[in-house]
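Report on one structure; see the data block that follows.
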Amino acid sequence: MHAAPMHDVGKIATPDAVLLKPGKLTEDEWEIMKQHPTVGLQILDGSTRPILKAAAVIAHQHHEKFDGSGYPQGLRGDAIHPYARIVAVADVFDALSHKRCYKDAWPAAKVTEHLREVAGHHLDPYYVDLLIKNMDKALEINAQWPD
Numbered sequence: 001m002h003a004a005p006m007h008d009v010g011k012i013a014t015p016d017a018v019l020l021k022p023g024k025l026t027e028d029e030w031e032i033m034k035q036h037p038t039v040g041l042q043i044l045d046g047s048t049r050p051i052l053k054a055a056a057v058i059a060h061q062h063h064e065k066f067d068g069s070g071y072p073q074g075l076r077g078d079a080i081h082p083y084a085r086i087v088a089v090a091d092v093f094d095a096l097s098h099k100r101c102y103k104d105a106w107p108a109a110k111v112t113e114h115l116r117e118v119a120g121h122h123l124d125p126y127y128v129d130l131l132i133k134n135m136d137k138a139l140e141i142n143a144q145w146p147d
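Using the numbering used here, read the sequence shown as starting at 1 and increasing by one per residue.
This is the structure:
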């Protein structure tokens, strides 16, 4: 899935003060951060190339949640494109299993526990189950391709 790495392209328009903030974002900063899926769509939309069409959908929908509580459109379940549902699971796995400026990396057991907790609410349970069943391979890929 060559389009997946472009999922956060819209963050190019997000100020570094927000992107790299080590603590919790303020309400205003969070509203700025929540704009990146729409900006990503604006950057990638309009191409006739299949990879860029897929990337535009992924960029726009990867923060939608399975229960409809996500953003920017509040889509739920099957209304979220399968590519975006897959990338959402991978994005959460990546964010939790790597150190970020605002948190330490979580151990694999804690990541797995969290994924199980949010399956069916925030994330598509089918794709969460696939990742958990293949966690050894996912961890191997993480080790091979660290941030």
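Glycine residues also receive a C-beta, built at the ideal position from the N, C-alpha and C atoms.
Where does residue i land, buried or exposed, given buried means 16+ other C-beta within 10 angstroms?
i       : result
Gly-74  : exposed
Tyr-127 : buried
Ala-143 : exposed
His-122 : buried
Ile-58  : buried
Lys-137 : exposed
Does the distance from the C-beta atom of residue i to that of residue j stay below 8 Å?
i       : j       : result
Gly-10  : Pro-37  : yes
His-62  : Ala-84  : yes
Val-89  : Leu-131 : yes
Leu-52  : Leu-44  : yes
Ala-3   : Ala-55  : yes
Val-118 : His-7   : no
His-98  : Ala-109 : no
Can you give me the start and stop residues for the alpha helix (DSSP H) that residue i sits inside?
i       : result
Phe-93  : 82-97
Trp-30  : 27-33
His-60  : 50-61
Lys-103 : Looking at the DSSP string, Lys-103 is not in any alpha helix (DSSP H), and its letter there is neither H nor E.
Pro-5   : Looking at the DSSP string, Pro-5 is not in any alpha helix (DSSP H), and its letter there is neither H nor E.
Alpha carbons only, please: which of the options is nearest the one belonging to residue i?
i       : options                         : result
Lys-34  : Gly-120, Ile-80, Pro-82, Ala-13 : Ala-13
Val-125 : Ile-141, Lys-137, Arg-76        : For clarity, residue 125 is Pro in the given sequence; the question names Val instead. It is Arg-76.
Pro-146 : Ala-95, Val-18, Pro-15          : Ala-95
At a cut-off of 7 Å, would you count residue i as near the ligand ATP, judging by its Cβ distance to the nearest heavy atom?
i       : result
Asn-142 : Among the components modelled here there is no ligand, and therefore nothing to report on the ligand ATP.
Excluding sequence positions up to five away, which residues of its chain have a Cβ less than 6 Å from the Cβ of residue i?
i      : result
Tyr-71 : Lys-34, His-63
Between which residues of its own chain and residue i is the CB-CB distance below 8 Å, once the five residues before and five after are set aside?
i       : result
Thr-112 : Ile-132, Met-135
Tyr-102 : Lys-21, Pro-22, Gly-23, Lys-24
Trp-30  : none
Phe-93  : Val-111, Leu-115, Leu-131, Ala-138
Pro-15  : Ile-32
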